[in-house]
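A quick write-up on the structure given underneath.
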Amino acid sequence: MPELESATATTPTGLSGEDEALLVRLRAGHEDAFVELVDRYHAQMVRLALSFVSSHSVAEEVAQEAWLGVLKGLDRFEGRSSLKTWIFRILTNTAKTRGQRESRIVPFASLGGTDADGEDAEFDLERFHPPGDALAGHWMSPPGEWETSPEDLMLSGEVRAQIEGAMAKLGPSQREVMRLRDIEGWSSEEVCNVLELTETNQRVLLHRARTKVRQALAQYFAGR
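The number in my numbering is simply the position in the sequence shown, starting from 1, with 97 added.
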């Protein structure tokens, strides 16, 4: 169907047909178009902001400030990226600025070819498949037997709390890459575009974050 193909095809500007139609409505001042965007992305924006600032209330303020930036920037948006990428770049820049005032931020730009969060010495990276491997981040040899299956344990609130606790101990860059990839379900390309990371840095950060969280879970299960 030609109509369906034209609605989903990507235009030369980098916008999908859906994004272009939404952008036209936004620039025309249609309130329902803005409400659609807020419904779609606001909760994710608050979760993302929480990686940079100290409380949920501040994260909400950051998200609100980012939405104001979106409204002010609509006429200047050139469509070189998707609307989602553009909105979340505004959000991350706003969150980083606020986080810097709270002295809690490690800039992604400082990553270079290494991990700005530093390395932990208390666990052995050789227990996991390395980056580039088809099984990167998975155990080379799994931990000991658990009385309850991992699948059942993953459904429990107790284990979810352990995962959240382990993620909270990650550095900002590792935590946000893992949150976007493993919790929000973003693609590696989306994460790289929004956080302005190279594919290599994104892959290394994700591997190290997953390794640390898996190690924390292994210690938790071993102590049960």
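For glycine and all other residues, C-beta sits at the position ideal for the given N, C-alpha and C.
Secondary structure note for LEU147: it is in no alpha helix (DSSP H), with a DSSP letter that is neither H nor E. Closest in alpha carbon position to HIS139, among VAL150, ALA263, GLU162, SER151, is GLU162.
Around the Cβ of ALA263, a 10 Å sphere holds 16 or more other Cβ atoms; the residue is buried. Secondary structure at SER113: strand, using DSSP grouped into helix, strand and coil.
Comparing C-alpha distances from TRP283 to each of ASN190, GLU128, LEU145 shows the shortest one belongs to LEU145. If you draw a 10 Å sphere on the C-beta of GLU128, you find fewer than 16 other C-beta atoms in it, and that means exposed.
If you draw a straight line from the Cα of LEU302 to the Cα of SER148, it is about 15 Å long. Rounded to whole angstroms, LEU165 and HIS304 show a C-alpha spacing of 35 Å. Scanning CYS289, THR308, GLY268 for the CA closest to the CA of SER178 turns up CYS289.
About 5 Å separates the beta carbon of VAL159 from that of ALA192, a gap short enough to meet the 8 Å contact definition.
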